[in-house]
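Note sheet for the following structure.
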Amino acid sequence: MQPKKRSNLRIILGKNYYTLRRYLEWCFGKTKFAMSVNTELEPYIVFKHQTPLLRKLKDIEMWLQYNKMINLKLAIEKINGVIIYPGETFSFWRLIGKTTRNKGYVEGMILSHGKYRTGVGGGLCQLSNLIYWMTLHTPLTVIERHRHSYDVFPDVNRKLPFGSGATCFYNYLDLRILNGTDQPYQLHLYLTDQDLVGEWRTTIEPMDTYEVYEKEHWISHEYWGSYVRHNTIYRKIYNYESQLIEDKYITENHAIMMYEPLLTDNIASDK
């Protein structure tokens with residue numbers, strides 16, 4: 001968990017290697033990617049969620065968030081209406097592609113090694129976070145998701161469990177979702193003046209409901225001096241009669257805190 005210091009050369013070579021490997025997998029792999037788009041909406045909403053476009057974040061200039069809205073609009077144009085048919089896999093980056101100035105993307109906020117910097121196409125993690133959270137409330141299966149390695153901002157009016165998002169970096173830190181069901185699922189996304197809004201829709205009225213919750217949460221003080229935040233995420237599934245049919249582990253998160261935690265009873269040397 002302790003951060004490893006790598007030279008700039010090694011970082012560049014590593015990025016090039018993993019990027020090329022993912023391109024080759026796209027071209028020659030056996031994964032059947034979801035590529036069909038339909039502007040006509042499927043009749044039933046499985047789950048809907050929205051997140052605010054503008055947040056007051058310490059030391060973050062607001063123009064970066066306004067630019068994020070431009071980037072989100074462009075990315076949504078690529079994936080709104082995509083249908084995942086049975087056996088197909090949704091890939092965040094396979095659909096959106098590389099975010100470049102030529103495509104209209106602008107400078108936005110990018111988190112890197114616990115610090116923020118500007119980069120073309122920045123801010124799309126809000127979109128991958130939303131899609132991941134919605135997917136946890138469906139029968140779809142997340143087969144690739146990368147957690148955030150750093151906890152950068154203190155909780156302010158948090159409504160979702162810590163670590164319930166998915167970081168993304170073109171093209172090898174992807175979000176992939178497999179449709180292992182027998183019916184198609186459609187992703188519907190749009191922006192309002194205040195929010196990023198998303199829905200998973202399908203052709204048959206859903207019978208089950210989902211509750212995603214944090215089961216364990218603790219903070220450890222590591223030997224190298226930093227605090228690390230940990231938790232586990234579980235999911236309950238209820239049938240149409242509101243009977244619990246499953247309570248299952250989903251994932252766990254471990255993130256280096258970039259701010260001083262409030263020293264309470266949940267801080268320990270280990271779990």
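1 is the number of the first residue of the sequence shown in full-length UniProt numbering; add one for each residue after it.
C-beta: ideal position from N, C-alpha, C; glycine also.
Kindly indicate the opening and closing residues of the alpha helix (DSSP H) around Ser128.
125–135 is the span of the alpha helix (DSSP H), which, as asked, contains Ser128.
Give the single residue among Gly14, Thr203, Glu199 whose Cα lies nearest to the Cα of Pro86.
The option with the nearest alpha carbon to Pro86 is Thr203.
Does the distance from the CB of Asp174 to the CB of Glu144 come in under 8 Å?
yes
Residues near Ile96 by beta carbon distance below 7 Å, same chain, minus five either side
Ala75, Lys78, Ile79
Relative to the alpha-carbon of Ile45, which residue among Ile250, Thr209, Tyr238 has its alpha-carbon at the smallest distance?
Thr209
Residue range of the beta strand (DSSP E) that includes Ile60:
That residue, Ile60, is in no beta strand (DSSP E); it is neither H nor E in DSSP.
Cα-Cα, which of Lys4, Arg55, Leu136, Arg201 is closest to Ala166?
Leu136
Neighbour-count burial assignment, Lys30, 16 or more Cβ in a 10 Å radius:
Counting Cβ neighbours within 10 Å, Lys30 comes out exposed, since fewer than 16 surround it.
Neighbour-count burial assignment, Tyr17, 16 or more Cβ in a 10 Å radius:
exposed
Candidates Lys32, Lys236, Lys115, of which the one nearest Glu88 by Cα
Answer by Cα proximity: Lys32.
I believe Leu191 touches Thr141 by the beta-carbon criterion, under 8 Å. Please report the beta-carbon distance rounded to the nearest angstrom.
That belief does not hold up - the Cβ atoms of Leu191 and Thr141 are roughly 28 Å apart, past 8 Å.
Within the continuous beta strand (DSSP E) that includes Glu199, where are the two ends?
195–202
Cα-Cα, which of Leu111, Gly123, Ile70, Phe90 is closest to Lys103?
Ile70
Between which residues of its own chain and Tyr170 is the CB-CB distance below 7 Å, once the five residues before and five after are set aside?
Trp93, Lys98, Thr99
The region 212–219 / the region 147–154 touching (three or more Cβ pairs under 8 Å)
no
Which same chain residues, not among the five before or five after Met258, have their C-beta less than 6 Å away from its C-beta?
So the qualifying residues of the chain are Gly114, Tyr150, Val152.
Opposite Ser91 in the DSSP bridges: which residues?
Arg176
DSSP state of Lys15, grouped into three classes?
DSSP places Lys15 in helix when its eight states are reduced to three.
So Ala255 is in the beta strand (DSSP E); what residue range does that whole segment cover?
From DSSP, the beta strand (DSSP E) with Ala255 extends over 244–257.
Beta-carbon gap between Ile83 and Pro184 smaller than 8 Å:
yes
Cβ pair Ile60, Tyr116 closer than 8 Å:
yes
Own chain residues within Cβ distance below 6 Å of Thr232, not counting five before or after:
Lys215, Glu216, Glu252
Can you tell me where the beta strand (DSSP E) with Phe162 in it begins and where it stops?
No beta strand (DSSP E) contains Phe162, which DSSP labels as neither H nor E.
Which residues does DSSP pair with Ser112 in a beta bridge?
The partner list for Ser112 (beta bridge, DSSP) reads Lys115.
Our contact map puts Gln126 next to Leu196 with C-beta atoms below 8 Å; I'd like the distance itself, whole angstroms only.
6 Å
Here's the rule I'm using: 16 or more other beta-carbon atoms within 10 Å means buried, otherwise exposed. How should Tyr172 be labelled?
buried
Beta-carbon within less than 8 Å of Pro261's beta-carbon, same chain only, minus the 5 sequence neighbours each way: which residues are those?
For Pro261, where only same-chain residues beyond five positions count, the Cβ hits under 8 Å are Ile219, Tyr227, Arg229, Ile267.
In terms of residues, what are the limits of the beta strand (DSSP E) holding Lys215?
209–221
Distance, Thr51 Cα to Gly163 Cα:
15 Å
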